[in-house]
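Quick note: the sequence shown uses my numbering, first residue 20, plus one each step. For glycine and all other residues, C-beta sits at the position ideal for the given N, C-alpha and C.
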Amino acid sequence: QKALCSAAVFGNEGIVKMLLEREDCNPNQIPTGFPRTPLSIAAFNGCEGVVKMLLEREDVNPNLPATNAGQTPLFEAAMRGYEGIVKMLLDRTDVRIDIGDYANQTPLSKVCELGHEGVVKVLLNQEGVNPNHADRKYGRKPPSWTAVRGHERLVNMLLKRKDILTDILDNNKQTPLLPISQGHHRIAKVL
20 QKALCSAAVF GNEGIVKMLL EREDCNPNQI PTGFPRTPLS IAAFNGCEGV VKMLLEREDV
80 NPNLPATNAG QTPLFEAAMR GYEGIVKMLL DRTDVRIDIG DYANQTPLSK VCELGHEGVV
140 KVLLNQEGVN PNHADRKYGR KPPSWTAVRG HERLVNMLLK RKDILTDILD NNKQTPLLPI
200 SQGHHRIAKV L
């Protein structure tokens, strides 16, 4: 299994293909020394070809979290802005969009924090996405993360949804209006 993970790290599609053909290959196993499944590794590194090969197998579990931070392959790809891989993962009907990491931050919340506009659009268009999910560490929701980080276009994108809550307090008893105190006056006007 270490060979499969190593090949996934480097995006070596030929070796991945060869290893996946073996009967003793378990693509869901996380071997010692690797904190992620081969799918998570490929998603983390932006290796679209390897992700595609792994997703073609019905026995691959696309929701297995990494052992070091609890991030799923969808989370890994989303937070790095790999829109193509995010779309590939979401093409599988068994991918769960709102699985949080160890801090209970979802892929949508993380990309709102990081400002990956294309990935935010893809995630917001998915049925079942919760744009008001709060992380455990700060109690922030996607609108708060976009506002705090100064991502004005994302704030506008989120506010177009009817289900966005902008008056909910985070763990510090602050609403998304916090940007006013951080110099993001244009965002504060939008909110």
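Exposure label - residue i; buried when at least 16 CB within 10 Å
i	result
D113	exposed
D182	exposed
G52	exposed
D120	buried
R55	buried
K129	buried
D43	exposed
N191	exposed
K156	exposed
Unbroken alpha helix (DSSP H) run spanning residue i, endpoints
i	result
C131	126-133
A96	92-98
F29	21-29
A61	57-64
L188	No alpha helix (DSSP H) contains L188, which DSSP labels as neither H nor E.
E136	136-143
T165	161-168
K71	67-74
G103	102-109
N175	171-178
Of the residues the options, the one placed nearest residue i, counting alpha carbons only
i	options	result
Y101	L133, P84, G147, G119	L133
A85	Q20, V174, A27, I49	I49
D186	A153, R168, M176	A153
N82	P46, V167, V28, A27	P46
D78	E67, N190, E171, L58	L58
Beta-carbon separation (whole angstroms), residue i vs residue j, contact threshold 8 Å
i	j	result
R111	L74	6 Å
A22	L38	6 Å
T91	I118	5 Å
Query raised in the report: How about the stretch 127-146 and the stretch 88-107: do they share at least three Cβ pairs that are nearer than 8 Å?
Result: yes
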